[in-house]
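See structure below.
There are 2 protein chains.
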Amino acid sequence: MKRIAVLGSTGSVGRQTLEVAKSFPDRLKIVAITGGRNSALLSQQIEQLTPRAYYSLAPIDFSPGFANTGIYRAASLEEIATLDDVDIIVVATSGKAGLLPTIGALQAGKTVAIANKEVLVMAGGLVMEAAVTGGGTVLPIDSEHNALWQCLRGESIDSEWKGQVSRLVITASGGAFRDYQIDKLSEVTPEEALRHPTWQMGVKITVDSATLMNKGLEVIEAAWLFNLPLDKIDVILHRESIVHSLVEMKDGSLKVLLSCPDMHLPIKYALSYPERWEDESMPVLELDRIGSLAFGELDSSRYPCFRLALSVAKKGGTYPAALIGADDAAVQLFLEGHITYLKIPQLIEEVIQAHINTANPTIHDVLEAEEWGRKYVQRSLDG
Amino acid sequence: MKRIAVLGSTGSVGRQTLEVAKSFPDRLKIVAITGGRNSALLSQQIEQLTPRAYYSLAPIDFSPGFANTGIYRAASLEEIATLDDVDIIVVATSGKAGLLPTIGALQAGKTVAIANKEVLVMAGGLVMEAAVTGGGTVLPIDSEHNALWQCLRGESIDSEWKGQVSRLVITASGGAFRDYQIDKLSEVTPEEALRHPTWQMGVKITVDSATLMNKGLEVIEAAWLFNLPLDKIDVILHRESIVHSLVEMKDGSLKVLLSCPDMHLPIKYALSYPERWEDESMPVLELDRIGSLAFGELDSSRYPCFRLALSVAKKGGTYPAALIGADDAAVQLFLEGHITYLKIPQLIEEVIQAHINTANPTIHDVLEAEEWGRKYVQRSLDG
Chain A
2 MKRIAVLGST
12 GSVGRQTLEV
22 AKSFPDRLKI
32 VAITGGRNSA
42 LLSQQIEQLT
52 PRAYYSLAPI
62 DFSPGFANTG
72 IYRAASLEEI
82 ATLDDVDIIV
92 VATSGKAGLL
102 PTIGALQAGK
112 TVAIANKEVL
122 VMAGGLVMEA
132 AVTGGGTVLP
142 IDSEHNALWQ
152 CLRGESIDSE
162 WKGQVSRLVI
172 TASGGAFRDY
182 QIDKLSEVTP
192 EEALRHPTWQ
202 MGVKITVDSA
212 TLMNKGLEVI
222 EAAWLFNLPL
232 DKIDVILHRE
242 SIVHSLVEMK
252 DGSLKVLLSC
262 PDMHLPIKYA
272 LSYPERWEDE
282 SMPVLELDRI
292 GSLAFGELDS
302 SRYPCFRLAL
312 SVAKKGGTYP
322 AALIGADDAA
332 VQLFLEGHIT
342 YLKIPQLIEE
352 VIQAHINTAN
362 PTIHDVLEAE
372 EWGRKYVQRS
382 LDG
Chain B
2 MKRIAVLGST
12 GSVGRQTLEV
22 AKSFPDRLKI
32 VAITGGRNSA
42 LLSQQIEQLT
52 PRAYYSLAPI
62 DFSPGFANTG
72 IYRAASLEEI
82 ATLDDVDIIV
92 VATSGKAGLL
102 PTIGALQAGK
112 TVAIANKEVL
122 VMAGGLVMEA
132 AVTGGGTVLP
142 IDSEHNALWQ
152 CLRGESIDSE
162 WKGQVSRLVI
172 TASGGAFRDY
182 QIDKLSEVTP
192 EEALRHPTWQ
202 MGVKITVDSA
212 TLMNKGLEVI
222 EAAWLFNLPL
232 DKIDVILHRE
242 SIVHSLVEMK
252 DGSLKVLLSC
262 PDMHLPIKYA
272 LSYPERWEDE
282 SMPVLELDRI
292 GSLAFGELDS
302 SRYPCFRLAL
312 SVAKKGGTYP
322 AALIGADDAA
332 VQLFLEGHIT
342 YLKIPQLIEE
352 VIQAHINTAN
362 PTIHDVLEAE
372 EWGRKYVQRS
382 LDG
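Chains as they are written, first to last, in this note's numbering: chain A, 2 to 384; chain B, 2 to 384.
Structure below.
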């Protein structure tokens, strides 16, 4: 029985993690959950699951009949992430929220299944260092990274797969505006940006998928997770989101992972690893019915956010954190109708140009840069 | 340095094996080679490679200037396959020729890289038993089986992958007549049958690819190699021959192997395993240039030979050996212009109907049944 803490249990990945756990009651036990603003859903989850502990950012009310005696309310996400009786921490928070608990859990030697890619983008060096010093393990939940991890399985010789691999390739659906003419992008609405062609996800990440900021962040995430230079990680356009990633082997073979675009599958793999658990409620991929899979080159001129993400990754230091803060604020402003879609990359670019870098940053530096980037964008609206 | 014996070095897979070895002179050494009727090519290969030993079915002449002192002429393929200083025997013969040397090598505890699928179809039980009792290992070279082996790599838990896997799927290009109307098949010529859309191979296997006999034999080969029932092995139509096989995992993922359709790649993998060796002369697969991969259901009504192969596999005993002999003879008669293309499955079906089975056959029974099937077809021409 694996004991699981889910940070961000009210979000999209968090809710699906609870569903996976429900399908395997003899193998997975939810020990702790945490929520942010949606305390109504968090209280429902607590009443249903009766975990040992929870954390809520917002005030929380339980049903009158619910006896919550014995359920411990922790003081922070970090406290939940380091509870003695937790084996795996699913970091399904978004933005910077997952940073401190991820580092805390890894320092405590725990396994962290991470869906909160901003944590690795902002502070990948600090996170991987915490894993090494604390003896913890980072497992990717993001579908592309989870697929890379599956493809690399068994490829190591003397605990090292790099001698076998020439390139990692992640796929991009192209997002909601992949078929829009570029000159129409100035008019697109938040409603249009939220119509992702293949994946059902949270609001922020769906807009990041339209701008391809999300794909840029994924390249950076892959570089940290698999300890490779950015130029060994490529992106290929694949509209159907069925092929999630490809590993190009040194000998000319490509190992590829396919599945229905459903986040339950990578979540389940991270929790079941090294086993693979059958689940009859999950859709089976029938390639002969799907008919064909298409691939193409990514036209990065359509996606300034993608290029911005890769440029800050090369600069390093606190640049990626400033980008994360700026993107979060800019997407928020777009969703609230304050700025146009094309203003998103413009604001982020301004932030990057204005940022004063700190090389080899501490966690404090990273969090400060994220906040600085966010505030810079928010202030630009007033100016 | 791995020491290699190549049985059938003058055939298509044999010649490509010598090319692979030539690309890695520090890691692979050709110790012995053997040939059948093409003794002119065999003598050239011997003069170039100066192996320690060879076997030739036909009389063989060397160039006047060639000093072949010290190159041992063995008395049989089995003798070559069990030489003390050979690590890996590449069985690149065709038909029944590889049977006795494969079993001999496995009984002697050696690694056999097998391309001669008829050996496993005729006597898979005896071959796998020889591997167990002798401590030998069977590695598949056939591209589909090599791909399955690559996809299953790392999937074992407690040395067993079956708990992780729900189905193996091999791809079929559909062969030379995939786009012919069925009523035109009565008129097709040997020249047309030899135009394979994606693979360059020997003559017999190219006709077997047109009839899909080859794909039926591959299903049987996979059942023996991976010790699975026939109903766990499916075939899917994939015209481009870039996806070679798919492994459907219990958890809903599909692990897939792609490469250019070039036999050098599976040969190299079998010889380099567990390593993967870079070879800049090999083509790299660029999916974004290829554009799309198509899949479809296999219409087995087009391919009576495919259904005949699966039916004999279910009957077991000496039926598969009789089928192998009958197919070999029928394809030969077709290539020589004695029978029409549609007569191939008719003759094989007659053989199967007339065959008297021996359950749990010995090697002798298997070879006898193969010869009986062959003769039955040859005699039918006289009658």
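Built from N, CA and C at the ideal position, the CB exists for glycine as well.
Cα-Cα separation between residue i and residue j, rounded to whole angstroms
| i | j | result |
| --- | --- | --- |
| A/Thr190 | A/Gln347 | 17 Å |
| A/Asn215 | B/Ser242 | 33 Å |
| B/Asp300 | B/Ile237 | 9 Å |
| A/Asp263 | A/Ser282 | 12 Å |
| B/Asp184 | B/Tyr342 | 12 Å |
| B/Ala224 | B/Lys118 | 12 Å |
| A/Val32 | A/Arg74 | 12 Å |
| A/Ile234 | A/Val220 | 6 Å |
| B/His365 | A/Lys3 | 55 Å |
| B/Ala323 | B/Gly126 | 16 Å |
| A/Gly338 | A/Ala330 | 12 Å |
| A/Leu226 | B/Thr363 | 54 Å |
| A/Gly203 | A/Thr11 | 11 Å |
| B/Arg308 | B/Ile357 | 20 Å |
| B/Ile383 | B/Tyr304 | For the sequence presented, residue 383 of chain B should be read as Asp rather than Ile. In a straight line, the C-alpha of B/Asp383 is about 27 Å away from that of B/Tyr304. |
| B/Lys344 | B/Val139 | 35 Å |
| B/Tyr320 | B/Glu222 | 15 Å |
| A/Ser279 | A/Lys23 | As written in the sequence, residue 279 of chain A is Glu, which differs from the Ser given in the question. Those two C-alpha atoms are separated by around 14 Å. |
| B/Pro141 | B/Ala106 | 15 Å |
| B/Lys30 | B/Gln49 | 13 Å |
| A/Arg380 | A/Glu193 | 26 Å |
Contact check, residue i vs residue j, beta carbons under 9 Å
| i | j | result |
| --- | --- | --- |
| A/His239 | A/Ser144 | no |
| A/Pro60 | A/Ser77 | no |
| A/Val208 | A/Leu218 | no |
| A/Ala271 | A/Asn147 | yes |
| A/Val120 | A/Leu169 | no |
| B/Ile385 | B/Phe25 | No answer is possible for residue 385 of chain B: the residues shown for chain B start at 2 and end at 384. |
| A/Thr35 | A/Gly9 | yes |
| A/Lys111 | A/Val133 | no |
| B/Asn228 | B/Met123 | no |
| A/Gly317 | A/Ala360 | yes |
| A/Leu314 | A/Val352 | According to the sequence shown, residue 314 of chain A is Ala rather than Leu. Their beta carbons are not under 9 Å apart, which means A/Ala314 does not touch A/Val352 by this criterion. |
| B/Ile268 | B/Ala114 | yes |
| A/Leu259 | A/Leu286 | yes |
| B/Gly155 | A/Arg154 | yes |
| B/Ser273 | A/Asp252 | yes |
| B/Val257 | A/Lys256 | yes |
| A/Gln108 | A/Gly135 | yes |
| A/Ile388 | A/Ala131 | The question about residue 388 of chain A has no answer, for chain A in this structure spans 2 to 384. |
| A/Ser254 | B/Arg38 | no |
| A/Val91 | A/Ile5 | yes |
| A/Cys306 | A/Leu213 | yes |
Neighbouring residues, chain A, relative to residue i (Cβ below 8 Å)
| i | result |
| --- | --- |
| B/Tyr73 | Simply none; closest approach about 33 Å. |
| B/Gln165 | Glu276, Arg277 |
| B/Met283 | Asp252, Gly253 |
Chain E contact residues for residue i, given Cβ-Cβ distances below 7 Å
| i | result |
| --- | --- |
| B/Asp180 | Here chain E cannot be found, since the structure's protein chains are A and B. |
Per-residue contacts from residue i into chain B (C-beta, under 7 Å)
| i | result |
| --- | --- |
| A/Ala295 | Gly292, Ser293 |
| A/Gly155 | Arg154, Gly155, Glu156 |
Neighbouring residues, chain A, relative to residue i (Cβ below 9 Å)
| i | result |
| --- | --- |
| B/Leu259 | Leu247, Ser254, Leu255, Lys256, Val257 |
| B/Leu266 | Asp252, Gly253, Ser254 |
| B/Ser273 | Asp252 |
| B/Lys269 | Asp252, Gly253 |
Under 9 Å by beta carbon: chain B residues contacting residue i
| i | result |
| --- | --- |
| A/Gln17 | None at all; the shortest Cβ gap to chain B is about 14 Å. |
Which runs of the alpha helix (DSSP H) spanning at least 4 residues fall entirely within the segment 251-306 of chain A, listed in chain order?
265-273, 288-291
Three-pair Cβ contact test at 8 Å for the segment 251-267 of chain A versus the segment 12-19 of chain A:
yes
Taking 8 Å as the threshold, find out whether the segment 48-58 of chain B comes into contact with the segment 81-93 of chain B through three or more Cβ pairs.
yes
Can at least three beta-carbon pairs, one atom from the segment 157-174 of chain A and one from the segment 197-207 of chain A, be found at a separation below 8 Å?
yes
Which runs of the alpha helix (DSSP H) at least 4 residues long sit entirely within the segment 100-171 of chain B? Give them in chain order.
100-108, 118-135, 144-153
On the three-pair Cβ rule with 8 Å, is the segment 332-341 of chain B touching the segment 285-292 of chain B?
no
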